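Note sheet for the following structure.
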Amino acid sequence: MMKMRISNFGLWILMAFLVIAAVACKPEITEDKGLETSQELKKFSSVNELREYLQKNAQASYGTKYFGGISRAMTMEVTESAAPSAKMAADSGASQYSTTNIQVEGVDEADFVKNDGRHIYTLTQNKLVIVDAYPAENAKIVSETKIGGMPRNMLVNKDRLVVFSDDNAQVPYFAEFDFVPRPRYTQKTHVFVYDIEDRSSPKLVNDYSINGYYFESRMIGDYVYFIAKDNVYFDGPIIALPAIRESSRIIAKPDIYYFDNPEQNYVFHTVASFNIFDDNDEVNAKTFMMGYSNTLYVSQNNIYIAYQKNRPWRYYEAHNEERFYEVAVPLLPSEVRSEINEIKNDASLSSQEKWDKISSILEDMYNSMEDGERQKLIEKIEKAIEEYEIKLEAERRKTVIHKIGIDSGNIEYRAKGEVPGYLLNQFSMDEHNGNLRAATTTEIWARKSVMYNNVFVLDDGMGTIGKLEAIAPDERIYSTRFLGDRLYMVTFKRIDPLFVIDLSSPENPEILGELKIPGFSDYLHPYDENHIIGIGKETEGNEWGGVSLKGVKLALFDVSDVKNPKQLDKYEIGEAGTDSEALHEHKAFLFDKNKNLLVIPVTEVRGKMEYDSRLGYYRQRLWQGAYVFDLNVQDGFKVKGKITHNEGDEQSDYYYYSSPNAVRRSLYMDDVLYTVSMGKIKANDLNDIENEIKEIKLPYEKQRYDYPYPVKAVGSPGMAVPESAVAERDI
5 MMKMRISNFG LWILMAFLVI AAVACKPEIT EDKGLETSQE LKKFSSVNEL REYLQKNAQA
65 SYGTKYFGGI SRAMTMEVTE SAAPSAKMAA DSGASQYSTT NIQVEGVDEA DFVKNDGRHI
125 YTLTQNKLVI VDAYPAENAK IVSETKIGGM PRNMLVNKDR LVVFSDDNAQ VPYFAEFDFV
185 PRPRYTQKTH VFVYDIEDRS SPKLVNDYSI NGYYFESRMI GDYVYFIAKD NVYFDGPIIA
245 LPAIRESSRI IAKPDIYYFD NPEQNYVFHT VASFNIFDDN DEVNAKTFMM GYSNTLYVSQ
305 NNIYIAYQKN RPWRYYEAHN EERFYEVAVP LLPSEVRSEI NEIKNDASLS SQEKWDKISS
365 ILEDMYNSME DGERQKLIEK IEKAIEEYEI KLEAERRKTV IHKIGIDSGN IEYRAKGEVP
425 GYLLNQFSMD EHNGNLRAAT TTEIWARKSV MYNNVFVLDD GMGTIGKLEA IAPDERIYST
485 RFLGDRLYMV TFKRIDPLFV IDLSSPENPE ILGELKIPGF SDYLHPYDEN HIIGIGKETE
545 GNEWGGVSLK GVKLALFDVS DVKNPKQLDK YEIGEAGTDS EALHEHKAFL FDKNKNLLVI
605 PVTEVRGKME YDSRLGYYRQ RLWQGAYVFD LNVQDGFKVK GKITHNEGDE QSDYYYYSSP
665 NAVRRSLYMD DVLYTVSMGK IKANDLNDIE NEIKEIKLPY EKQRYDYPYP VKAVGSPGMA
725 VPESAVAERD I
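So the sequence shown is numbered by this note's numbering: it starts at 5 and just counts up by one.
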């Protein structure tokens with residue numbers, strides 16, 4: 005075969021895998037990668053040190069001084085613009101009652117509905133409403149308390165109640181080269197502490213606030229722990245630093261800790277605690293500057309905050325240079341390799357001069373080759389680069405997990421670890437016998453897409469001591485539940501494999517068995533040590549060879565024979581489009597084994613799309629309410645009844661998700677089931693669901709709009725009461 009000069013097309017192929025060298029040879033990349041990382045926890049000693057650190061890393065990220073996030077203000081006075089278990093109630097209350105469905109026993113989770121066996125506490129828009137609910141026949145509202153900002157959720161402990169509320173403040177800000185301050189908004193979190201000894205007249209005993217938005221909270225014993233996040237923004241003369249106020253007085257200025265690790269975005273995570281019964285107890289708080297987090301897990305001894313790595317672009321560009329010199333060049337002919345390395349090490353040449361010489365050598369090399377030889381080399385290099393990119397992408401997709409110790413209100417940073425892949429939610433982590441177990445999905449987008457799942461075991465120091473990788477290739481995790489020495493994990497692509505994984509030997513996790521059935525579970529809940537409840541979606545194959553979603557599916561699994569798990573029973577609700585808040589919010593799931601009781605809220609699609617000539621568009625009939633099941637191992641799922649809060653035409657006709665009558669929570673006191681929406685509370689006889697004992701109207705004010713949107717987006721709206729911004733200070 006005759007030799008020929010390389011064509012434009014061939015040169016394009018060449019540049020497709022070598023063009024990154026042109027980027028890699030730019031001066032700002034080769035002079036100083038600046039990507040060294042540290043496991044050492046450090047503390048900023050001054051605001052100037054913080055500013056210098058941010059400026060240095062911002063330039064490494066984008067060549068600018070911005071990290072993005074919420075704009076911050078200058079210093080100036082401004083105008084304020086576990087399974088729900090049966091518990092014994094106090095005197096005159098129910099003998100047994102359900103509690104919030106939580107993940108870890110002894111670690112209470114905040115929600116917008118709580119109860120203590122006699123009273124139901126609910127946040128309706130911007131009001132705290134207390135209902136004397138027991139006995140149900142005499143149920144009535146005993147107090148309504150307006151809450152500042154937008155109440156998110158609350159915690160209740162005997163005669164104390166804590167409400168977490170998002171708020172904002174309008175503050176002046178000097179944009180670069182502007183001559184007057186302009187108004188901007190900043191977020192803050194309010195923590196309102198009430199004495200509710202007299203339920204008819206709650207008394208505000210503390211009003212804590214911190215700049216940033218509410219993330220999560222927990223209560224362990226008498227101590228409340230909450231986390232507020234605030235995006236770091238440092239353009240202009242002022243950096244807004246975390247500070248905790250009591251009313252308008254600053255009572256705490258948390259130290260700010262960090263790792264000398266580059267990130268594209270930094271977020272202040274302030275972890276704070278206080279004793280719910282001690283009005284004179286100081287708020288303990290520490291701030292950790294880390295990447296943007298989205299997953300939090302809390303055990304009785306530790307808080308784990310997790311986020312995926314998000315390295316500066318410079319990090320990836322530095323790896324492009326490495327890819328060229330360490331992957332592509334070693335596969336070139338020896339004489340070409342020598343010439344390129346000689347040019348690379350020539351300090352007298354600029355980056356552009358180096359690339360001009362290297363690209364000329366590469367073009368001459370390809371022009372001297374026969375077509376077959378050239379193609380073979382290109383394919384060889386492309387394969388090597390593909391393997392390299394998969395390795396690099398796996399590193400990029402790692403999750404960072406910070407471990408923060410908590411004990412009687414004390415907060416102490418303990419360790420940091422990393423695991424490949426990403427976490428689905430809080431149930432992807434679990435602490436057991438001093439070890440942290442984590443289930444992740446690795447999803448790599450390179451020349452070849454790769455997806456698989458993993459389980460990792462980290463010791464007390466957050467070092468990996470055991471792992472099980474590459475589970476269920478081409479599928480991702482839909483739900484996980486750690487129970488003792490076992491992990492139950494659901495993955496999905498076309499069918500639903502339920503994996504039973506043994507973790508009794510932390511160093512050697514292993515798959516014991518799996519069950520493959522249609523559909524998938526979004527949430528797993530223990531029935532007993534040998535049975536698991538799953539709630540998710542049913543699926544079926546479609547005419548295009550793919551998979552279509554159907555209705556909501558409840559399943560009961562028998563895992564007594566771990567090598568051969570079985571589905572004992574299932575129940576499907578509605579057609580395609582049917583949904584339940586319990587699929588993505590475990591607090592909406594009510595189960596009590598002793599009562600054989602299971603309750604979930606459901607938005608059920610009934611019938612196909614129909615044209616409404618009056619409105620001029622297609623609509624679909626929906627029903628919204630609570631499905632009440634009798635559940636046991638022998639008989640499976642049996643519908644005891646259904647409860648809806650809708651009235652009149654709304655009950656039988658079309659339904660909008662924004663309706664205040666959408667049932668979102670349920671609870672019981674003795675033999676009475678209470679269902680809660682934004683608009684009302686209903687009490688029904690558990691022995692005869694059709695027997696409605698009482699209905700209590702809640703003080704819901706209808707909004708001026710009524711747009712349909714997903715149930716999971718429904719919240720507790722309210723009006724914000726802005727307050728002054730926190731001034732910059734020394735740390």
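Ideal Cβ positions, reconstructed from N, Cα and C, are used throughout, including at glycine.
Computed from a predicted model, the values in this text were never measured in an experiment.
DSSP state of H590 mapped onto helix, strand, coil: If DSSP states are grouped into helix, strand and coil, H590 belongs with the helices.
Just verifying my parser: in three-state terms, what is the DSSP assignment at W627? In the structure shown, W627 adopts extended strand secondary structure according to DSSP, grouped into three states.
Note down, in chain order, each residue of its chain lying with its Cβ closer than 6 Å to the Cβ of Y615, except the 5 sequence neighbours on either side. Non-local C-beta neighbours of Y615 in its own chain, meaning closer than 6 Å and more than five positions away in sequence, comprise Y622, ordered along the chain.
On the DSSP bridge assignment, give the partners of L396 in chain order. Within the DSSP secondary-structure output, L396 pairs in no beta bridge.
In terms of alpha-carbon separation, which member of F48, I389 and L300 lies closest to E326? Among F48, I389 and L300, the Cα nearest to that of E326 belongs to I389.
Where S564 sits in the DSSP three-state scheme: Residue state, collapsed to three classes: coil.
Relative to the C-alpha of F263, which candidate in S213, S169, A419 and F230 has its C-alpha closest? For the residues S213, S169, A419 and F230, the minimum Cα distance to F263 belongs to A419.
Please identify the residue among N235, S354, F561 and H273 whose C-alpha is closest to the C-alpha of P530. If we check each option's Cα against that of P530, F561 comes out closest.
Assign K60 to one of three DSSP states: helix, strand, or coil. Helix, per DSSP.
Write down the C-beta distance between K232 and Y212 rounded to the nearest angstrom, noting that I regard them as a contact closer than 8 Å. Checking the sequence shown, residue 232 turns out to be Ala, not Lys. Not really, about 10 Å apart at Cβ, beyond 8 Å.
I'd like the list of long-range same chain contacts for Y57, defined as Cβ closer than 6 Å, with 5 residues on each side in sequence excluded. Excluding the 5 residues flanking it on each side, Y57 has no same chain C-beta neighbour closer than 6 Å.
In angstroms, rounded to a whole number, what distance separates the CA positions of M112 and Y227? What sits at residue 112 in the sequence shown is Asp, not Met. Roughly 10 Å separates the two Cα atoms.
So, under 8 Å CB-CB, K567 and L516 are touching, yes? Tell me the CB distance rounded to an integer number of Å. Yes, they are in contact, since the Cβ atoms of K567 and L516 sit about 6 Å apart, within 8 Å.
Can you grab the Cα-Cα spacing for the pair R668 / A630, in whole Å? When rounded, the distance between both Cα atoms is 8 Å.
Would E35 be called buried (16 or more neighbouring beta carbons within 10 Å of its own) or exposed? Its pLDDT being 37, under 50, E35 is placed unreliably in this model, and the coordinates cannot settle the point.
The alpha helix (DSSP H) that contains Q356, what's its start and end? Taken as a continuous stretch (DSSP letters only), the alpha helix (DSSP H) holding Q356 covers S355 to N371.
Could you tell me the alpha carbon to alpha carbon distance between L572 and V556, rounded to whole angstroms? The alpha-carbon atoms of L572 and V556 are separated by roughly 17 Å.
Is it the case that the Cβ atoms of P569 and L502 are separated by a distance below 7 Å? Contact flag set, yes.
Compare the Cα-Cα distances from Y237 to each of P206, R222, Y270 and K207 and report the closest residue. Measuring C-alpha to C-alpha distances from Y237 to each of P206, R222, Y270 and K207 identifies Y270 as the nearest.
Helix, strand or coil: which one does DSSP assign to P501? Three-state DSSP puts P501 in a strand.
Restricting to Cα atoms, I'd like to know which of I408, R490 and P522 is closest to F496. When each option's Cα is compared against that of F496, the closest is P522.
Which one of K257, Y370, E383 and T190 has the shortest CA to CA distance from F48? Nearest C-alpha to F48: K257.
Could you please give the first and the last residue of the uninterrupted beta strand (DSSP E) stretch that includes N429? Neither: N429 is in no beta strand (DSSP E) and is coded neither H nor E.
Can you tell me whether P337 is buried or exposed, with buried defined as 16 or more other CB within 10 angstroms of its CB? An exposed status is given to P337, since fewer than 16 other beta-carbon atoms sit within 10 Å of its beta-carbon.
In chain order, what residues of the same chain have a beta carbon less than 8 Å from the beta carbon of L300, not counting five sequence neighbours either side? By the criterion of a C-beta distance shorter than 8 Å, L300 is surrounded in its chain by F219, E220, I231, I307, Y308, I309, A310 and Q430, once the five residues flanking it on both sides are discounted.
Counting only runs that start and end within the region 442–496, where is the beta strand (DSSP E) found for 3 or more residues in a row? Listed in chain order, they are 454–462, 468–475, 480–487 and 490–496.
Label D583 either buried or exposed according to how many other C-beta atoms from any shown protein chain fall within 10 Å of its C-beta, with 16 as the threshold for buried. D583 should be labelled buried.
CA-CA distance, I3 and R490? A query on residue 3 cannot be resolved here, the shown segment of the chain reaching from 5 to 735 and no further.
Would you list the one or two residues that DSSP bridges to I231? E220 and V275, per the DSSP bridge assignment.
Could you tell me if A351 is buried or exposed, where buried requires 16 or more neighbouring beta carbons within 10 angstroms of its beta carbon? By the neighbour-count criterion, in which a residue is buried when 16 or more other Cβ atoms sit within 10 angstroms of its Cβ, A351 is exposed.
Cβ neighbour criterion (16 or more within 10 Å) applied to G467: By the 10 Å Cβ count, G467 comes out exposed.
In or out: P424 buried (at least 16 other Cβ within 10 Å) or exposed? So P424 ends up on the buried side.
List in chain order: all unbroken beta strand (DSSP E) runs of 3+ residues lying wholly within the region 499–551. Counting only runs of 3+ residues, the beta strand (DSSP E) found wholly inside the region 499–551 occupies 500–506, 514–521, 524–532 and 535–545, in chain order.
Can you give me the C-alpha to C-alpha distance between S303 and R625, rounded to a whole angstrom? Straight-line Cα distance between these residues: approximately 43 Å.
If you run the structure through DSSP and keep just helix, strand and coil, what is N215? Per DSSP, reduced to three states, the secondary structure at N215 is strand.
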